[in-house]
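Read through the structure below, which is laid out as structure tokens, and then see the notes.
Number of protein chains: 2
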Amino acid sequence: MDVNIIAGSTTKFGELWHVSPRDMVRQVVEDVIDQAMISRSKLQAIFIGNMLSSSLGGQDHLGAFFAEELGLSIPAVKVEGACASGGLAVHTGCLAIMSGLYDTVLVVGVEKMTDYKPETVASVLMGAGSEAEREAGLTFPALYALMTRVHMKKWSTTEKDLAYVSVKNHFHASLNSHAQFPYQVTLEQVLKSPVIASPLKLLDCSPITDGAAAIILTRNKKAAIRNKTVSIIASVVATDTLGLAEREDLSSLKASVIAAKNAYHQSGISPKDIDVVEVHDCFTIAEIIAMEDLGFFPKGKASFAIKEGVTKLGGYPVVNTSGGLKASGHPVGATGVKQVVEIYQQLTGRGGKKQVKDARIGLTHNVGGSGATAVIHILKCL
Amino acid sequence: MDVNIIAGSTTKFGELWHVSPRDMVRQVVEDVIDQAMISRSKLQAIFIGNMLSSSLGGQDHLGAFFAEELGLSIPAVKVEGACASGGLAVHTGCLAIMSGLYDTVLVVGVEKMTDYKPETVASVLMGAGSEAEREAGLTFPALYALMTRVHMKKWSTTEKDLAYVSVKNHFHASLNSHAQFPYQVTLEQVLKSPVIASPLKLLDCSPITDGAAAIILTRNKKAAIRNKTVSIIASVVATDTLGLAEREDLSSLKASVIAAKNAYHQSGISPKDIDVVEVHDCFTIAEIIAMEDLGFFPKGKASFAIKEGVTKLGGYPVVNTSGGLKASGHPVGATGVKQVVEIYQQLTGRGGKKQVKDARIGLTHNVGGSGATAVIHILKCL
Chain A
1 MDVNIIAGST TKFGELWHVS PRDMVRQVVE DVIDQAMISR SKLQAIFIGN MLSSSLGGQD
61 HLGAFFAEEL GLSIPAVKVE GACASGGLAV HTGCLAIMSG LYDTVLVVGV EKMTDYKPET
121 VASVLMGAGS EAEREAGLTF PALYALMTRV HMKKWSTTEK DLAYVSVKNH FHASLNSHAQ
181 FPYQVTLEQV LKSPVIASPL KLLDCSPITD GAAAIILTRN KKAAIRNKTV SIIASVVATD
241 TLGLAEREDL SSLKASVIAA KNAYHQSGIS PKDIDVVEVH DCFTIAEIIA MEDLGFFPKG
301 KASFAIKEGV TKLGGYPVVN TSGGLKASGH PVGATGVKQV VEIYQQLTGR GGKKQVKDAR
361 IGLTHNVGGS GATAVIHILK CL
Chain B
1 MDVNIIAGST TKFGELWHVS PRDMVRQVVE DVIDQAMISR SKLQAIFIGN MLSSSLGGQD
61 HLGAFFAEEL GLSIPAVKVE GACASGGLAV HTGCLAIMSG LYDTVLVVGV EKMTDYKPET
121 VASVLMGAGS EAEREAGLTF PALYALMTRV HMKKWSTTEK DLAYVSVKNH FHASLNSHAQ
181 FPYQVTLEQV LKSPVIASPL KLLDCSPITD GAAAIILTRN KKAAIRNKTV SIIASVVATD
241 TLGLAEREDL SSLKASVIAA KNAYHQSGIS PKDIDVVEVH DCFTIAEIIA MEDLGFFPKG
301 KASFAIKEGV TKLGGYPVVN TSGGLKASGH PVGATGVKQV VEIYQQLTGR GGKKQVKDAR
361 IGLTHNVGGS GATAVIHILK CL
């Protein structure tokens, strides 16, 4: 693959009632154009990751919407795959560069979720699930609670194990000024937080978030003289059934396993080579499952490693330095792009207080729905 | 470009109350797999064009939805750009093949529109327009009526000129068993049909339609031994402002002009080389404007040519042999894919009663919104 990242930016994530999606996108796009030190006329296409602008905002046609915002008549495509929309937009951006039709493209992820009633948001999010699940009144916390129960039974995972994920990610978020919850929580606070869908509690769940993220991809390695060049060395998508009922094993996401296998094959990298990882911890159990599915730990062993601090800043590999979806926030269409921005920043030494020392290779893992889509990118600093 | 089409299929277009989107997609996918004589395991990715499943159907995550339907864990991406969603899905499929990451991919366009109140459909379609237009209560017939007024004033276009487009496209549809309205209409019927948004009348407007279309794209020219090989020699997207108020000229779509110029450059083809064309005649005026924007006729001259039968079966170039959006129907996310299917069928001699003799080169023109997105593909039989 000959795809390089020359800039990356995110807004502050959170309840951004004072800004529109347009404002958020303008901010990150201006930032990446500045970082890349290119004129905006060098951007040849835009790929937008977004899930809910149609159902919540009544706005479709986001590609042209943001091309107009940029004042460019360039190709613009909205890409959607539920909470993996951002990762799919990055994948599509990679295809664009690799095709040879485009030299430099902009990938943007954006979501505006807090302007609506939480129950409305919960309802439209289930657009990512199966019909049967929606008819049964299931929501995402309930679906992940079912997975948690299976993982607990199969691998003796405990509620405390889940809580350690939240504590770690909140610690990382406390070092990230762009995080929605930039503060620490204690194990006790997590365990005593209100039950949402047993055994998942409030502090096991990622929040509803507004936010945007952007990267610039280019074929030209020399485009970023000032910057270290980060290459995307694997870009892989896999899918699984929409609904849990059709799956063989609820303690693993098959799409993640397939995507990871293919990504390691594509890049020639193995999990032990990876310094820093952003995984899709929409719920604490999801991070435990992801660490196992991606091959960082054997099945049933991730919880112990997380508890021991292996994946905390200072450990190896460090997981969710941004604070993850849990503490950094989860603006669904933006998340997959933000993960790539976080790894890009880590690999170029711009991680700030949460910098992983000497990070050279990183991985992002973005999931749609309850695992029907998984997108993995592996990034390497050249 | 090294992208070849080895199969193409559409459902019957119309008010398909007895079938679900799932049924429609299954039908066209099984048909293209049969045509291509490949096993479904050869399909490496799916690109879905769809606009309204979210706002009307409450179903997002269509990529994974249809991958599950196929029983494959392959990458699946939904692509959206209003009524150009299908064209954008074809473009993204081309990027996938050209990237080298995929050898054979499926592109599907699908829309289910007739299960909802027409006023609901009109409202959600405006998700493709600008905020100001929506707040002003404008709908697409009104927006195109404004363009019609400008074209009339500038180029002395008449209501009769518009009607000739409808008469021609209904004639073509009368030869197409898959068309929503497979019958002829007279000039008088068009002119006497009820006014929708003056000067546009009912028979100037494309309908609300259910339908799906699919193609298989591959890099391997030998994949279709039995079939003539059709190559995509240009795949171009351009954008313009969402709203009409921000445009300099309402008698032309800037995105179409840019896309056409780039498509001719990319393929080395000029309009005079093209035998058969599918343009985005969401309203009769749109076909007149498209014929001028794409360089088939000088500005202000298309009406006369259409009236004289230049673009009717037997003329040159023949335009909208399917019946166009007007008479074949306009299931928005499917339209851009269906146009490619129609040209594929023409170039491989499967046009049936509407076959254009010796057609070797064809063009498709798919528009999103009132012209904010334009997608052009040029196909050539090798």
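Chains as they are written, first to last, in full-length UniProt numbering: chain A, 1 to 382; chain B, 1 to 382.
Cβ coordinates follow ideal geometry from the N, Cα and C atoms, glycine included.
Values in this document were obtained by computation on a predicted structure and should not be read as measured data.
Taking each of A:112, A:165 and A:141 in turn and checking the Cα distance to residue 189 (chain A), the smallest one comes out for A:165. Between the alpha carbons of residue 235 (chain A) and residue 337 (chain A) lies a gap of roughly 13 Å. Contact between residue 274 (chain A) and residue 317 (chain A) holds: their C-beta atoms lie close to 5 Å from each other, under 8 Å. In the structure shown, residue 4 (chain B) adopts extended strand secondary structure according to DSSP, grouped into three states. Within the UniProt domain "Thiolase C-terminal" (238-380) of chain A, the complete alpha helix (DSSP H) runs of at least 4 residues fall at 254-267, 284-293, 302-307, 324-328 and 332-347. By the neighbour-count criterion, in which 16 or more other beta carbons inside 10 Å mark a residue as buried, residue 37 (chain A) falls on the exposed side. Taking 8 Å as the cut-off, the Cβ atoms of residue 290 (chain B) and residue 365 (chain B) count as close. Assignment of residue 130 (chain B) by DSSP, reduced to helix, strand and coil, places it in the coil class.
Its Cα nearest to that of residue 280 (chain B), the residue B:207 stands out among B:207, B:230, B:232 and B:315. A distance of 8 Å or more separates the beta carbons of residue 210 (chain B) and residue 126 (chain B).
For residue 120 (chain B), the enclosing alpha helix (DSSP H) covers residues 118-125. Using a 10 angstroms sphere on the CB of residue 352 (chain A), the tally of other CB atoms stays under 16, which defines it as exposed. Nearest CB-CB separation between residue 60 (chain B) and chain A: below the 8 Å threshold. Under the DSSP assignment, residue 192 (chain B) falls in the alpha helix (DSSP H) whose first and last residues are 187-192. Across the structure, residue 310 (chain B) and residue 57 (chain B) are spaced so that their CA atoms are roughly 41 Å apart.
DSSP places residue 78 (chain B) outside any alpha helix (DSSP H); the residue lies instead in the beta strand (DSSP E), whose first and last residues are 76-80. When the alpha-carbon of residue 258 (chain B) is set against those of A:221, A:254 and A:73, the nearest one is in A:73. The count of Cβ pairs closer than 8 Å, one atom from the region 329-346 of chain B and one from the region 197-204 of chain B, stays below three, leaving the stretches out of contact. In this chain, the alpha helix (DSSP H) harbouring residue 148 (chain A) covers 140-155. Residues of chain A with a Cβ closer than 7 Å to the Cβ of residue 74 (chain B) are, in chain order, 239. Listed as beta-bridge partners of residue 200 (chain B) by DSSP are B:197.
Look at the region 107-127 of chain B: the residues with a C-beta under 9 Å from a C-beta of chain A are 123, 124, 125, 126 and 127. At least 8 Å separates the beta-carbon of residue 232 (chain B) from that of residue 32 (chain B). In this structure, residue 132 (chain A) and residue 245 (chain A) form a Cβ contact; the two beta carbons are roughly 7 Å apart against a cut-off of 8 Å. Residue 258 (chain A) has a beta carbon lying within less than 8 Å of a beta carbon in chain B.
Not one beta carbon of chain B lies nearer than 8 Å to the beta carbon of residue 136 (chain A). Its chain contains 157, 250, 251, 285, 288 and 289 as the residues whose beta carbon lies nearer than 8 Å to that of residue 151 (chain A), once the 5 sequence neighbours on both sides are disregarded; these appear in chain order. DSSP places residue 87 (chain A) in the uninterrupted alpha helix (DSSP H) bounded by 85-99. Contact of residue 65 (chain B) with chain A is assigned, a C-beta pair being separated by under 8 Å.
If you look at residue 216 (chain A), you'll find it in the beta strand (DSSP E) that goes 211-218.
For residue 54 (chain B), DSSP assigns no beta-bridge partner whatsoever. Within a 10 Å sphere around the beta-carbon of residue 136 (chain B) sit fewer than 16 other beta-carbons, which makes this residue exposed.
Under DSSP, residue 105 (chain A) forms a beta bridge with A:45 and A:217. If the five residues before and after residue 40 (chain A) are omitted, its C-beta is found closer than 7 Å to the C-beta atoms of 33, 70 and 72, all from its own chain and listed in chain order. Three or more pairs of CB atoms, one per stretch, sit closer than 8 Å, so the region 101-120 of chain B contacts the region 45-55 of chain B. By the Cβ-count criterion, residue 314 (chain B) is exposed, with fewer than 16 other Cβ atoms from all chains shown falling within 10 Å of its own Cβ.
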